[in-house]
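All residue numbers for the sequence shown refer to this note's numbering, where the first residue is 2 and numbers rise by one.
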Amino acid sequence: MESRDQPGAPGTGPGFGTEPGTERLPGAAWGGFRPPPPPAGPPAGPPPPGAAPRALAAGLLGLSGLGLGHLLVRRPRRAAVSWAATGIFLLVALPADPDGVPGALVAAYLLVLVLAGADAARIALRTDTGRPPRPLIAAVLGLLLLAVPVGGAFAYGSARDEAVEQELLGRLEKGDVLVAKAAKSPFALSRPDYHRALTLYRELGERHQGSRAAALVPARLQAYYDTVAAPYRAKEHCEAVAPLTYLRTVPESVDGKLLGDLAGWPDTPLAESLYACGVSRLGGTGTSSGGEELGALLRTFPDSAQAGQVGPAISATIRKQVAGLRSGDPCTVTEQLRGTRTLVAALPGTSLSALEPQAEAGVRDGVYACGVDEFTHERFAEARQTLGDFADTYKEDGRRKQARNIAIAAEIAEDRPAAGKRLPRSGRPGGARMELVISNDAPSGVEVLYTGPVTGTVKLKGCGGCARYSSEAAGSAKSCRANGRSYPKVRLSLPAGDYHFLYKRGSDEEAAVDNYTSGTSVKPGYSYTSCTYVVEQDKYGLDLPLLPDPLEPASARR
Numbered sequence: 002m003e004s005r006d007q008p009g010a011p012g013t014g015p016g017f018g019t020e021p022g023t024e025r026l027p028g029a030a031w032g033g034f035r036p037p038p039p040p041a042g043p044p045a046g047p048p049p050p051g052a053a054p055r056a057l058a059a060g061l062l063g064l065s066g067l068g069l070g071h072l073l074v075r076r077p078r079r080a081a082v083s084w085a086a087t088g089i090f091l092l093v094a095l096p097a098d099p100d101g102v103p104g105a106l107v108a109a110y111l112l113v114l115v116l117a118g119a120d121a122a123r124i125a126l127r128t129d130t131g132r133p134p135r136p137l138i139a140a141v142l143g144l145l146l147l148a149v150p151v152g153g154a155f156a157y158g159s160a161r162d163e164a165v166e167q168e169l170l171g172r173l174e175k176g177d178v179l180v181a182k183a184a185k186s187p188f189a190l191s192r193p194d195y196h197r198a199l200t201l202y203r204e205l206g207e208r209h210q211g212s213r214a215a216a217l218v219p220a221r222l223q224a225y226y227d228t229v230a231a232p233y234r235a236k237e238h239c240e241a242v243a244p245l246t247y248l249r250t251v252p253e254s255v256d257g258k259l260l261g262d263l264a265g266w267p268d269t270p271l272a273e274s275l276y277a278c279g280v281s282r283l284g285g286t287g288t289s290s291g292g293e294e295l296g297a298l299l300r301t302f303p304d305s306a307q308a309g310q311v312g313p314a315i316s317a318t319i320r321k322q323v324a325g326l327r328s329g330d331p332c333t334v335t336e337q338l339r340g341t342r343t344l345v346a347a348l349p350g351t352s353l354s355a356l357e358p359q360a361e362a363g364v365r366d367g368v369y370a371c372g373v374d375e376f377t378h379e380r381f382a383e384a385r386q387t388l389g390d391f392a393d394t395y396k397e398d399g400r401r402k403q404a405r406n407i408a409i410a411a412e413i414a415e416d417r418p419a420a421g422k423r424l425p426r427s428g429r430p431g432g433a434r435m436e437l438v439i440s441n442d443a444p445s446g447v448e449v450l451y452t453g454p455v456t457g458t459v460k461l462k463g464c465g466g467c468a469r470y471s472s473e474a475a476g477s478a479k480s481c482r483a484n485g486r487s488y489p490k491v492r493l494s495l496p497a498g499d500y501h502f503l504y505k506r507g508s509d510e511e512a513a514v515d516n517y518t519s520g521t522s523v524k525p526g527y528s529y530t531s532c533t534y535v536v537e538q539d540k541y542g543l544d545l546p547l548l549p550d551p552l553e554p555a556s557a558r559r
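See below:
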């Protein structure tokens with residue numbers, strides 16, 4: 002009869018006995034044998050029944066971002082990861098912003114959803130979760146819930162588009178505010194605001210085509226042009242020049258398709274404003290003479306109707322100014338004529354060359370009229386300068402001699418106002434004439450100016466061998482009476498009347514001698530003599546005047 006050892010029975014069976022002198026290891030099996038450790042995971046084997054549909058459903062539910070895949074496999078802690086990721090994503094993404102959600106955040110969130118879905122599918126494939134919902138129902142539910150993030154993405158895109166539209170409309174409104182603000186100030190101050198508004202409109206119209214804001218840009222540009230050009234519509238042409246010039250530069254920075262007819266609109270208003278402003282300033286001086294505006298008109302719009310009107314307008318202005326020489330202040334009008342002459346010379350184009358002689362003739366008339374006016378208002382120094390310049394400049398003018406005569410009378414009147422009571426006669430009177438012989442008993446030359454019924458000037462050379470007299474009494478007694486001496490002399494033939502004389506010394510030797518004026522009457526039937534001499538300075542160094550002998554009748558013609 003065969004016998005079997007029972008496991009664990011001491012001393013039975015080969016290899017299970019204990020030899021003398023040996024000890025059983027603590028915790029060891031019989032015979033010193035240790036049992037294998039428990040497996041680290043579930044034993045490998047075929048998936049639980051229904052694992053594949055369940056894994057598909059869990060994966061789809063995990064992609065919803067709501068943690069439903071992990072809830073299906075009963076892993077709520079892992080579902081919380083999806084809830085946290087979705088919460089963070091919504092916190093950043095909402096409300097919708099025109100710039101959208103950062104791309105890195107979207108990529109990270111999608112990665113979390115994919116990993117959550119894959120993890121839920123893995124767990125469902127290897128774990129028996131008891132009695133889960135039917136796999137088909139779970140898969141359909143997963144597909145339906147997958148539409149949540151997809152629909153959310155579409156909804157967010159639509160919200161983002163609306164946010165972009167609102168932001169663009171806000172930019173449009175900002176441009177409108179800038180235009181309204183600029184309209185309240187002069188263009189020179191408001192130009193920066195106009196420029197910023199135009200930049201907003203241009204960016205909306207060119208970079209955001211198809212937006213609601215871009216569709217409103219053409220109407221805004223029309224209102225923009227109307228606001229900038231408001232001075233022109235109010236017929237404030239000088240104030241309109243700068244803004245209209247600015248509007249002509251707008252097509253350089255804005256697409257012509259966006260501007261449409263506005264691109265060329267400022268040309269005609271600018272030409273009209275340049276002409277009206279320039280003509281209104283004709284006759285002024287300096288920068289207000291109209292030359293700047295009319296010059297810009299002729300250079301910018303040479304073929305315009307307004308450019309063709311410049312010549313006739315200037316010609317009419319010259320005629321009006323010349324007429325004003327007789328009724329207004331001729332000196333002021335002369336300055337206006339000089340300004341017009343300068344303007345004509347500076348304007349471009351040969352069509353205005355015929356105006357230069359007309360302007361020059363107006364200035365010539367004005368200078369003469371100004372000198373006469375100065376004389377009649379007893380501004381003798383100015384009259385002498387003005388009419389002296391006239392005689393030197395316009396040597397072919399028929400009034401040159403009279404201008405010289407008035408200048409002579411003015412110079413005498415500076416020291417002897419009686420000489421300026423009336424203008425010298427322009428013609429020579431008729432009737433008898435009396436002879437006046439003027440001799441010079443002085444070592445230097447002398448110039449004698451006279452005015453009365455006739456006006457003129459004569460010069461006498463210095464007397465060789467003549468000297469100054471020690472006193473006025475000595476000069477009066479001895480001048481021009483030395484026997485055998487020939488004195489420089491001049492003979493004048495004068496009509497009867499009251500005369501005024503000015504004796505001028507011009508040499509360096511006699512520069513310290515004062516000029517001397519005198520007056521006398523020339524009567525019919527007499528001839529007259531006069532002698533000029535110089536008296537020495539007294540001991541105090543005072544300059545004594547040049548003295549002539551009084552006019553004395555030399556003979557009677559009875």
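Each residue gets a CB set at the ideal place from its N, CA and C atoms; glycine is no exception. Keep in mind the model is a prediction, meaning the values are calculated, not measured.
Nearest candidate by alpha-carbon position, reference residue i, set the options
{"i": "alanine 411", "options": "Ser519, Ala80, Glu375 and Cys481", "result": "Glu375"}
{"i": "glycine 60", "options": "Arg327, Arg400, Leu92 and Val115", "result": "Val115"}
{"i": "tyrosine 500", "options": "Gly457, Glu537 and Gly526", "result": "Gly457"}
{"i": "proline 244", "options": "Gly476, Val491, Ala215 and Thr228", "result": "Thr228"}
{"i": "glycine 211", "options": "Glu163, His238, Tyr233 and Leu248", "result": "Glu163"}
{"i": "threonine 246", "options": "Ala181, Ala230 and Asp256", "result": "Ala230"}
{"i": "alanine 272", "options": "His238, Ala215, Ala189 and Leu263", "result": "His238"}
{"i": "arginine 203", "options": "Lys185, Leu169, Lys182 and Pro270", "result": "Leu169"}
{"i": "proline 454", "options": "Glu415, Cys481 and Pro496", "result": "Pro496"}
{"i": "arginine 221", "options": "Ala181, Arg208, Lys236 and Ala475", "result": "Ala181"}
Through-space distance from residue j to residue i, alpha-carbon basis
{"i": "threonine 518", "j": "alanine 478", "result": "20 angstroms"}
{"i": "arginine 327", "j": "leucine 461", "result": "40 angstroms"}
{"i": "alanine 483", "j": "tyrosine 527", "result": "24 angstroms"}
{"i": "cysteine 464", "j": "isoleucine 407", "result": "30 angstroms"}
{"i": "serine 65", "j": "valine 165", "result": "28 angstroms"}
{"i": "glycine 329", "j": "leucine 338", "result": "13 angstroms"}
{"i": "valine 82", "j": "proline 54", "result": "24 angstroms"}
{"i": "leucine 275", "j": "glycine 431", "result": "59 angstroms"}
{"i": "glutamate 240", "j": "phenylalanine 188", "result": "8 angstroms"}
{"i": "leucine 353", "j": "valine 345", "result": "7 angstroms"}
{"i": "alanine 306", "j": "leucine 199", "result": "31 angstroms"}
{"i": "tyrosine 225", "j": "serine 191", "result": "13 angstroms"}
{"i": "alanine 308", "j": "tyrosine 504", "result": "58 angstroms"}
{"i": "leucine 62", "j": "leucine 111", "result": "14 angstroms"}
{"i": "arginine 79", "j": "valine 113", "result": "11 angstroms"}
{"i": "leucine 299", "j": "alanine 184", "result": "30 angstroms"}
{"i": "glycine 257", "j": "valine 218", "result": "13 angstroms"}
{"i": "alanine 297", "j": "proline 349", "result": "9 angstroms"}
{"i": "arginine 429", "j": "phenylalanine 302", "result": "57 angstroms"}
{"i": "leucine 72", "j": "glutamine 167", "result": "41 angstroms"}
{"i": "aspartate 644", "j": "alanine 56", "result": "Coverage of the chain is limited to positions 2 through 559, which leaves residue 644 absent and any answer about it impossible."}
{"i": "glutamate 20", "j": "alanine 122", "result": "With a pLDDT of 42 at glutamate 20, under the threshold of 50, the modelled position of this residue cannot be trusted; read the value that follows with caution. So the alpha carbons of these two residues sit roughly 57 angstroms apart."}
{"i": "isoleucine 409", "j": "glutamate 436", "result": "21 angstroms"}
{"i": "serine 316", "j": "glutamate 336", "result": "17 angstroms"}
{"i": "glycine 498", "j": "serine 522", "result": "6 angstroms"}
Spatial neighbours of residue i in its chain, beta-carbon cut-off 6 angstroms, leaving aside the 5 residues before and after
{"i": "glutamate 537", "result": "Arg469 and Ser471"}
{"i": "arginine 249", "result": "Pro267"}
{"i": "glutamate 294", "result": "Leu275, Cys278 and Gly279"}
{"i": "leucine 283", "result": "Gly291 and Thr318"}
{"i": "glycine 68", "result": "Ala80, Ser83 and Trp84"}
Close beta carbons around residue i, own chain, < 8 angstroms, minus the five adjacent residues each side
{"i": "serine 281", "result": "His238, Cys239 and Gly291"}
{"i": "leucine 260", "result": "Leu222, Val251 and Pro252"}
{"i": "arginine 401", "result": "Phe391, Ala392 and Tyr395"}
{"i": "arginine 234", "result": "Asp227"}
{"i": "cysteine 532", "result": "Ile439, Ser440, Asn441, Asp442, Ser480, Cys481, Tyr488, Pro549 and Asp550"}
8 angstroms contact criterion, which residue i and residue j should meet: CB distance rounded
{"i": "alanine 117", "j": "glycine 88", "result": "Actually they are not in contact, since the Cβ atoms of alanine 117 and glycine 88 sit about 14 angstroms apart, beyond 8 angstroms."}
{"i": "alanine 214", "j": "leucine 173", "result": "5 angstroms"}
{"i": "threonine 372", "j": "valine 334", "result": "The sequence given here has glycine at residue 372, not threonine. Not quite, the Cβ-Cβ distance comes to about 13 angstroms (not below 8 angstroms), so this is no contact."}
{"i": "arginine 342", "j": "valine 364", "result": "5 angstroms"}
{"i": "serine 487", "j": "aspartate 442", "result": "Incorrect: roughly 11 angstroms between the Cβ atoms, too far for contact."}
{"i": "alanine 414", "j": "phenylalanine 381", "result": "5 angstroms"}
{"i": "threonine 530", "j": "valine 449", "result": "Actually they do not touch by this definition, with Cβ atoms about 13 angstroms apart."}
{"i": "phenylalanine 502", "j": "glycine 520", "result": "7 angstroms"}
Close beta carbons around residue i, own chain, < 7 angstroms, minus the five adjacent residues each side
{"i": "glutamate 357", "result": "Val345 and Ala346"}
{"i": "proline 331", "result": "Gly367, Ala370, Cys371 and Asp374"}
Practice item. Report the residue ranges of all beta strand (DSSP E) runs contained in full by the stretch 268–293; include only those spanning at least 3 residues, in chain order. Key: Complete beta strand (DSSP E) runs here, min 3: none at all.
Review point. Taking the runs of the alpha helix (DSSP H) that are 4 residues or longer, which of them lie wholly in the stretch 446–500?
Key: With a minimum length of 4 residues, the continuous alpha helix (DSSP H) runs that stay inside the stretch 446–500 are 473–479.
Exercise for review: Counting only runs of 4+ residues fully inside the stretch 360–444, write out the alpha helix (DSSP H) ranges in chain order.
Suggested key: Secondary structure in the stretch 360–444: the alpha helix (DSSP H) runs of 4 residues or longer, each lying completely within the stretch, are 381–394 and 401–416 in chain order.
**Study point:** Entirely enclosed alpha helix (DSSP H) segments - the stretch 57–95, minimum 4 residues
**Key:** Fully enclosed alpha helix (DSSP H) runs of 4 or longer: 69–73 and 77–94.
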